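Protein chains in written order, with my numbering: chain G, 92 to 469; chain A, 92 to 469. All C-beta atoms, glycine included, are put in the ideal place defined by N, C-alpha and C. Since the model is a prediction, treat every value here as computed from it, not as a measurement.
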């Protein structure tokens with residue numbers, strides 16, 4: 092059965108101190124219903140991606156909590172946790188529900204409320220998605236990605252400057268996205284002179300701690316944008332058990348399956364949202380998906396042309412990516428697919444890439460332990 | 092597409108101090124593969140129900156952790172959290188994956204490791220599935236079900252004795268199940284003289300804190316036992332917002348949908364596993380599913396005949412239920428469906444109900460905020 096994207100809504104991402112988890116959930120659901128002209132009774136089920144409400148706030152069973160916000164219609168609601176890929180995994184399962192013929196319209200929601208907690212607690216909670224040994228040894232996600240970055244830079248003879256271009260690009264696009272956490276451009280010099288958080292990664296190589304919620308409605312009724320494929324794969328939880336620190340195997344496997352299911356190749360993709368939790372992550376993902384050859388990423392990142400920002404193919408992270416649009420972890424995977432939907436339906440306003448027909452969204456969990464790759468086409 | 096149960100394995104439930112969460116996961120997966128004669132490469136995806144690893148142990152992204160235990164095949168793995176219905180919700184989504192044609196064999200795993208933590212911490216972690224207001228007010232699950240029990244007993248003029256029969260029955264069946272946490276019978280007098288944990292509920296009205304893991308393989312290849320239906324519904328998270336404290340609306344709605352989808356009625360069900368986290372819960376669920384009329388439950392519970400324990404229809408909780416078989420929360424929903432599979436395939440050994448063809452499993456989240464009802468038939 093063919094499944095289509097009917098509509099998308101996202102709250103602004105950022106430090107939304109005046110909004111609770113419930114407020115964000117309600118805004119995103121009401122927003123996407125308004126956008127699509129649907130009522131709650133038209134929705135067969137809700138699939139929710141959320142990582143941290145349990146660990147940070149002893150807040151579980153979101154299914155019933157969301158049903159209560161929605162005036163107790165009794166609708167089936169499911170919550171998924173796959174660390175930073177919780178949103179992508181919710182989308183994947185919503186797609187299977189649609190394909191199984193369980194309902195006409197399905198709502199996918201990603202949500203995270205992070206800024207009510209101090210940075211130490213959030214960093215520790217995020218580290219729940221590392222292996223037990225890595226957690227006990229004191230590793231955090233900046234540390235994990237720093238190990239990958241150091242390995243990559245040394246292996247191919249790149250410098251921190253090569254990484255910095257990723258942040259410059261993503262902030263440029265973020266400056267065009269009114270929903271982005273940071274709507275401002277940054278310069279190469281600013282990135283390079285920002286303080287280290289885990290050498291060689293600096294604060295401006297890193298996505299922020301954000302609040303936000305994003306929602307998509309999938310439908311079996313034809314719209315302009317079809318879900319061509321959505322696939323997932325896993326890798327080891329531990330960096331230690333991987334053959335190469337610079338090879339994201341789950342991304343590679345999920346990507347290969349997604350290209351095959353959709354019947355397209357990497358060169359057919361015109362716009363992509365990829366998981367740039369740290370600058371190095373975008374480079375490794377672009378290589379794993381076959382957009383760039385192995386080891387070529389540092390050079391390709393540097394080749395981004397601020398004078399012709401829409402000239403590359405694919406154009407990557409027009410939302411601003413996680414770096415500039417923000418990274419409310421459960422919401423990210425949904426926002427990425429939503430941004431591709433906006434691009435393919437010509438609704439990306441100030442950052443529209445003209446005439447695009449095929450786009451891809453890639454969502455990573457943890458240090459690469461799971462990935463979801465989704466391809467949409469007009 | 093028709094989907095069948097190919098096999099089932101469960102670890103023993105209990106205080107398994109010598110086994111970690113990973114050990115339990117590995118035993119259940121290897122056990123069900125051996126039981127069905129399948130290899131890991133024959134499995135298309137794994138659907139995992141787990142409630143507490145995040146809250147109790149900062150242990151998230153089980154998908155990648157399980158993939159690592161399974162020698163890094165990269166298989167898609169998804170984790171579901173719906174409090175005590177995490178296992179049922181994992182089963183529900185695995186079924187949609189099968190019906191969507193995504194794979195021949197799918198593995199459903201439920202797992203919980205609870206006894207490594209002190210009772211206060213486990214009680215508090217479980218309370219994450221109450222509303223924020225209920226948590227702040229100090230309500231726990233024994234307290235929530237005590238409110239329901241008090242309401243029910245007063246409304247219909249029953250006494251604590253009516254509740255106690257449920258525990259006597261479930262311990263009788265548990266004494267026949269070698270995988271049960273408690274394999275011993277108890278008497279009415281023992282239940283009635285056990286200490287209160289939240290009046291009118293006593294310790295012997297309550298399911299224990301247990302460790303355990305259960306696994307089922309669903310297949311599109313015909314076996315003796317078909318999944319006739321699996322449905323879910325939600326209710327409010329808060330007791331306060333319900334019209335009647337003794338009416339489990341999510342159970343009722345999920346049950347009505349499941350009976351309709353399967354084309355059977357309550358009187359067709361010959362064996363049932365229902366969610367008896369507390370004795371009152373079994374009574375309210377039996378009424379909500381239409382097995383017993385509203386208000387009749389106290390009397391029906393008392394009518395259980397220890398001399399003819401298999402004479403009622405349906406025979407309820409032959410596994411011992413949560414009360415006697417134990418309640419490793421993420422595993423419970425999977426074990427319930429597994430027990431019905433054993434009964435329908437004639438493999439329930441010392442507790443086999445002869446000649447049964449249709450069975451039902453009902454799994455509750457929290458104080459009734461979500462329920463999953465599954466019907467299997469020969």
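{"Check": "Could you name the residues of chain G that residue 142 (chain A) contacts, counting a contact when the two beta carbons are closer than 9 Å?", "Outcome": "145, 151 and 152"}
{"Check": "If we define contact as Cβ-Cβ less than 7 Å, is residue 344 (chain A) a contact residue for chain G?", "Outcome": "yes"}
{"Check": "Going by other Cβ atoms of all chains shown within 10 Å of its Cβ, with 16 needed for buried, is residue 358 (chain G) buried or exposed?", "Outcome": "exposed"}
{"Check": "Which value, in whole angstroms, describes the spacing of the CA atoms of residue 464 (chain A) and residue 377 (chain A)?", "Outcome": "12 Å"}
{"Check": "Report back the beta-carbon spacing between residue 409 (chain G) and residue 434 (chain G) to the nearest angstrom; my notes put them in contact at under 8 Å.", "Outcome": "6 Å"}
{"Check": "Under the rule that 16 or more other beta-carbon atoms within 10 Å means buried, what is residue 108 (chain A), buried or exposed?", "Outcome": "exposed"}
{"Check": "May I ask which residues mark the beginning and end of the beta strand (DSSP E) holding residue 96 (chain A)?", "Outcome": "95-101"}
{"Check": "Taking the alpha-carbon of residue 162 (chain G) as reference, which of G:334, G:224 and G:113 has the nearest alpha-carbon?", "Outcome": "G:113"}
{"Check": "Considering residue 188 (chain A), what are the terminal residues of the alpha helix (DSSP H) in which it resides?", "Outcome": "177-190"}
{"Check": "Taking only heavy atoms of the ligand SAH into account, decide whether any of them is closer than 6 Å to the Cβ of residue 120 (chain G).", "Outcome": "Only the bare structure without any ligand can be found here, which leaves the ligand SAH out of the picture."}
{"Check": "Going by the beta-carbon positions, is the gap between residue 174 (chain G) and residue 218 (chain G) smaller than 7 Å?", "Outcome": "no"}
{"Check": "Can you tell me whether residue 396 (chain G) is buried or exposed, with buried defined as 16 or more other CB within 10 angstroms of its CB?", "Outcome": "exposed"}
{"Check": "When the Cα atoms are used, what is the spatial distance from residue 355 (chain A) to residue 414 (chain A)?", "Outcome": "28 Å"}
{"Check": "I'd like to check one pair, residue 136 (chain A) with residue 303 (chain A): are the Cβ atoms closer than 7 Å?", "Outcome": "no"}
{"Check": "Whole angstroms are fine: how far does the CA of residue 327 (chain G) sit from the CA of residue 133 (chain A)?", "Outcome": "20 Å"}
{"Check": "Closer than 7 Å, CB to CB, is residue 214 (chain G) near chain A or not?", "Outcome": "no"}
{"Check": "Do we get a CB-CB distance below 7 Å when we pair residue 219 (chain A) with the residues of chain G?", "Outcome": "yes"}
{"Check": "Among A:117, A:159, A:111 and A:448, which one has its Cα closest to the Cα of residue 330 (chain G)?", "Outcome": "A:159"}
{"Check": "What residue from G:195, G:258, G:111 and G:150 has the CA that sits closest to residue 131 (chain G)'s CA?", "Outcome": "G:195"}
{"Check": "So, using beta-carbon positions, are residue 126 (chain G) and residue 165 (chain G) closer together than 7 Å?", "Outcome": "no"}
{"Check": "Measure the C-alpha to C-alpha separation of residue 440 (chain G) and residue 430 (chain G) and round it to an integer number of angstroms.", "Outcome": "11 Å"}
{"Check": "When Cβ atoms are compared, which residues of the region 157-171 of chain G fall closer than 7 Å to chain A?", "Outcome": "158, 159, 163, 165, 166, 167, 168, 169, 170 and 171"}
{"Check": "Which same chain residues, not among the five before or five after residue 261 (chain G), have their C-beta less than 7 Å away from its C-beta?", "Outcome": "367, 408, 411, 412, 414 and 415"}
{"Check": "What in chain G is Cβ-close to residue 332 (chain A), meaning under 8 Å?", "Outcome": "159 and 163"}
{"Check": "Whose CA, out of G:152, G:193, G:139 and G:181, lies closest to the CA of residue 322 (chain A)?", "Outcome": "G:193"}
{"Check": "From residue 52 (chain A) to residue 339 (chain A), what does the alpha carbon distance come to, in whole angstroms?", "Outcome": "Only positions 92 to 469 of chain A appear in this structure, which leaves residue 52 (chain A) out of reach."}
{"Check": "Using a beta-carbon distance cut-off of less than 9 Å, what residues from the region 287-303 of chain A approach chain G?", "Outcome": "none"}
{"Check": "Give the range of the alpha helix (DSSP H) segment to which residue 195 (chain A) is assigned.", "Outcome": "It is not in any alpha helix (DSSP H) - residue 195 (chain A) carries neither H nor E in the DSSP assignment."}
{"Check": "Taking Cβ positions, are residue 349 (chain G) and residue 310 (chain G) nearer each other than 7 Å?", "Outcome": "no"}
{"Check": "Whole-angstrom Cβ separation of residue 120 (chain G) and residue 199 (chain G), contact assumed at under 8 Å?", "Outcome": "Actually they are not in contact, since the Cβ atoms of residue 120 (chain G) and residue 199 (chain G) sit about 11 Å apart, beyond 8 Å."}
{"Check": "Would you kindly work out how many angstroms separate the C-alpha atoms of residue 325 (chain A) and residue 438 (chain A), rounded to a whole number?", "Outcome": "33 Å"}
{"Check": "How long is the line joining the alpha carbons of residue 106 (chain A) and residue 266 (chain A), rounded to whole angstroms?", "Outcome": "17 Å"}
{"Check": "What is the rounded straight-line gap between the Cα of residue 155 (chain A) and the Cα of residue 169 (chain A)?", "Outcome": "9 Å"}
{"Check": "So which of A:149, A:100, A:129 and A:115 has the shortest CA-CA distance to residue 122 (chain A)?", "Outcome": "A:100"}
{"Check": "From the DSSP secondary-structure annotation, give me the bridge partner or partners of residue 203 (chain G).", "Outcome": "G:303"}
{"Check": "Quick test of your reading: residue 363 (chain A) and residue 400 (chain A), contact by CB under 8 Å. State the CB separation rounded to the nearest angstrom.", "Outcome": "Not really, about 14 Å apart at Cβ, beyond 8 Å."}
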